[in-house]
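To start, the structure under review is shown below, and the notes come after it.
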Amino acid sequence: MPRFERAGLAAALTALVAGGFLAACSTTVTGTAEVNQSELQLYTSEVKSSSAAASSSRAAAADAAATDVCEALRDNNNPAVDAFNAYIDASDSKAPDLEAKKGAAITALRDTAGKIDEQLSPDVPNDVSAPMRTYRNNLKTLADLLERNASVDEINGQIDSFNGDKDAAFDACKPY
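Under mature numbering (1 follows the signal peptide of the UniProt record, and there is no 0), read the sequence shown as residues -23 to -1, 1 to 153, first letter to last.
Below, the structure written as structure tokens:
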């Protein structure tokens, strides 16, 4: 068979097969669609279960993150406060180790702020993260004031804010 005849035969055969598929796919099915209730219940149950698991997972992550930042507060707050109070005592008595105590207080305040900051992940709920950020900022501000030899009045003003915000941070951590 010559080459053009074979090509024509192949084209005719392809058109015939394609036409057969089109005719088979154009048939209308009669009837009324019905929901398979058992499959619907299974699907609904799976969706609810998946949603509950995701919600539970988010809640667990938030609780764990809040616990971590609250532990950082509890573990590091007292050393910072103790170092700051030692500096205040040395300042009041004009102690010879005043500069060393000031350096230790600055370091302890910044370290505590850093440890809290390390634990402030996006998973920490806002009712914990907001007071924790405020307290962290107060730790840094107090360290800055000591570092620049601020006046007693300025430091005392910051201490009032510091103490109130420290209490708010500890209050936010009570559930954790």
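For glycine and all other residues, C-beta sits at the position ideal for the given N, C-alpha and C.
Remember, it's a predicted structure, so these values are computed and weren't measured experimentally.
Three-state class that DSSP yields for residue i in the structure shown
i: Asp142; result: helix
i: Val46; result: helix
i: Thr5; result: coil
i: Arg110; result: helix
i: Glu76; result: helix
i: Tyr64; result: helix
i: Arg87; result: helix
i: Ala37; result: helix
i: Ala57; result: helix
i: Val129; result: helix
i: Leu10; result: The question names Leu, yet the displayed sequence has Ala at residue 10. In this structure, Ala10 counts as coil in the three-state DSSP scheme.
i: Asp104; result: helix
8 Å Cβ shell around residue i - same chain, five flanking residues per side excluded
i: Asp52; result: Lys92
i: Tyr64; result: Leu75, Lys78, Lys79, Ala81, Ala82 and Leu123
Same chain only: Cβ atoms within 6 Å of residue i, ignoring 5 sequence neighbours per side
i: Asp45; result: Gln96
Spatial distance of residue i from residue j (CA atoms)
i: Ala127; j: Ala146; result: 25 Å
i: Tyr153; j: Thr9; result: 57 Å
i: Ala42; j: Arg110; result: 14 Å
Beta-carbon proximity list for residue i, same chain, < 7 Å, skipping 5 on both sides
i: Ala90; result: Arg113, Leu116 and Lys117
Proximity below 8 Å, CB of residue i to CB of residue j
i: Ala149; j: Asp104; result: yes
i: Pro102; j: Asp142; result: no
Measuring CB atoms only, is the stretch 39 to 58 touching the stretch 66 to 79, in the sense that at least three cross pairs come out at less than 8 Å? no
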